[in-house]
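Have a look at the structure below, then the notes.
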Amino acid sequence: MLNVTDLNAWYGKSHVLQDVSLKVDAGEVVCLLGRNGAGKTTTLKSLVGAIGARRGDIRFDGEAITALRTYQIARRGIALVPEHRGIFGLLTVEENLAIAARKATLWPLAEIYKLFPRLHERRRNRGTALSGGEQQMLAIARALIGGPRVLLLDEPTEGLAPVIVDELADVVRAVRGAGVAVLLVEQNLSFCEALADRHYILDQGRIVYAADRATFAGASRERERYLAVTAD
Ligand code: ATP
């Protein structure tokens, strides 16, 4: 569904992504792992056209989307939930959702509240009054309302308590269950392992490892080398 071939991206003269190739098929959760500064966020931003200087071939259902504008890419069905969540602090939960609403969506408010009961409870609260976990849920909910076919999640578990991380894992499973594929950027390895069908490791702007779930579980050498994680 989403096929990326030889993606390169630059910040000024700094060549950050180098020939990154990856794919996300329908119904998959795919995890992009890597240390700080490896280029994970840059990859997601490049996929939605939020970085000026990039080159490569990005295809969505066979259509080349590399040259499209961010809003055109969003309309095709690719939604980015950025690392810092980007919700409106002065608006209530329901107002944040309302401004994302389109007429025809698979995710009317009632469905959103079914998936996120906490947001229903907090619907009259402003964004600034929400906990980190609630803000993350709201950011995901807002992206879903746009009816994406692929959700790009940038470090959703960052700064969240373990119990909230578990709730978030259930949300990602439910999203996949509803037919939305997920490309997940994370540093939380156990979260990724609990969810992902396939894994990529990015190191210094290059994909250095790709594996399915079962193979990755046994890849202690790569985990140690690129993620600095030793086997238990
Ligand atoms: P993190 O987990 O820290 O967010 P990351 O894997 O997402 O790491 P990126 O944020 O994509 O990494 O950064 C990749 C490289 O690009 C890093 O060397 C970073 O310093 C650099 N970089 C990121 N944003 C910019 C920017 N706006 N201008 C210049 N360089 C940048």
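The numbering of the sequence shown is my numbering, which starts it at -14 and goes up by one. Don't be surprised by glycine CBs; every beta carbon is placed ideally from N, CA and C.
- Message: Report the CB separation of residue 117 from residue 145 in whole angstroms; it is logged as a contact under 8 Å.
- Response: The residue labelled residue 117 in the question sits at position 132 within the sequence shown. The residue labelled residue 145 in the question sits at position 160 within the sequence shown. Going by Cβ atoms, the distance from residue 117 to residue 145 rounds to 6 Å, so yes, they are a contact pair.
- Along the chain, where does the beta strand (DSSP E) that runs through residue 46 open and close? As a working mapping, residue 46 is identified with position 61 in the sequence shown. Note, residue 46: premise wrong, no beta strand (DSSP E); not H, not E.
- Task: With hydrogens ignored, establish whether the beta-carbon of residue 26 is closer than 7 Å to any heavy atom of the ligand ATP.
- Result: Working through the sequence shown from its first residue, we reach residue 26 at position 41. Yes, the Cβ of residue 26 comes within 7 Å of a heavy atom of the ligand ATP.
- chain B beta carbons: is any one of them nearer than 8 Å to that of residue 5? You won't find chain B in this structure, because it holds only one protein chain.
- Query: Looking at the unbroken beta strand (DSSP E) that takes in residue 192, where does it start and where does it end?
  - Reply: Residue numbering aside, residue 192 sits at position 207 when the sequence shown is read from its first letter. Element bounds for residue 192: 191 to 197.
- Leaving aside the five residues before and after residue 92 along the sequence, list all residues of the same chain whose C-beta is less than 6 Å from its C-beta, in chain order. Along the sequence shown, read from residue 1 onward, the residue named residue 92 stands at position 107. For residue 92, where only same-chain residues beyond five positions count, the Cβ hits under 6 Å are 129, 130.
- Query: Span of the alpha helix (DSSP H) holding residue 151?
  - Reply: Within the sequence shown, numbered from 1, the residue matching residue 151 stands at position 166. Start and end: 147 to 162.
- Query: Which class does residue 81 belong to by DSSP, given the choice of helix, strand or coil?
  - Reply: Residue numbering aside, residue 81 sits at position 96 when the sequence shown is read from its first letter. Under the three-state reduction of DSSP, residue 81 is assigned to helix.
- List the endpoints of the continuous beta strand (DSSP E) containing residue 36. Within the sequence shown, the letter at position 51 stands for residue 36. It is not in any beta strand (DSSP E) - residue 36 carries neither H nor E in the DSSP assignment.
- Message: Within 10 Å of its beta-carbon, does residue 48 have 16 or more other beta-carbons around it, so buried, or fewer, so exposed?
- Response: Here residue 48 refers to the residue found at position 63 when the sequence shown is read from its first residue. Exposed: under 16 other Cβ atoms inside 10 Å.
- Query: By Cβ distance, which residues of its chain are closer than 8 Å to residue 120, with the 5 residues on each side in sequence left out?
  - Reply: To locate residue 120, count along the sequence shown from 1; it is residue 135. Once the five neighbours on either side are set aside, the close Cβ partners of residue 120 are 70, 72, 112.
- Message: Quick check on the burial criterion: 16 or more other C-beta atoms within 10 angstroms. Buried or exposed for residue 205?
- Response: Position 220 of the sequence shown, counted from the start, is the residue given in the question as residue 205. By the 10 Å Cβ count, residue 205 comes out exposed.
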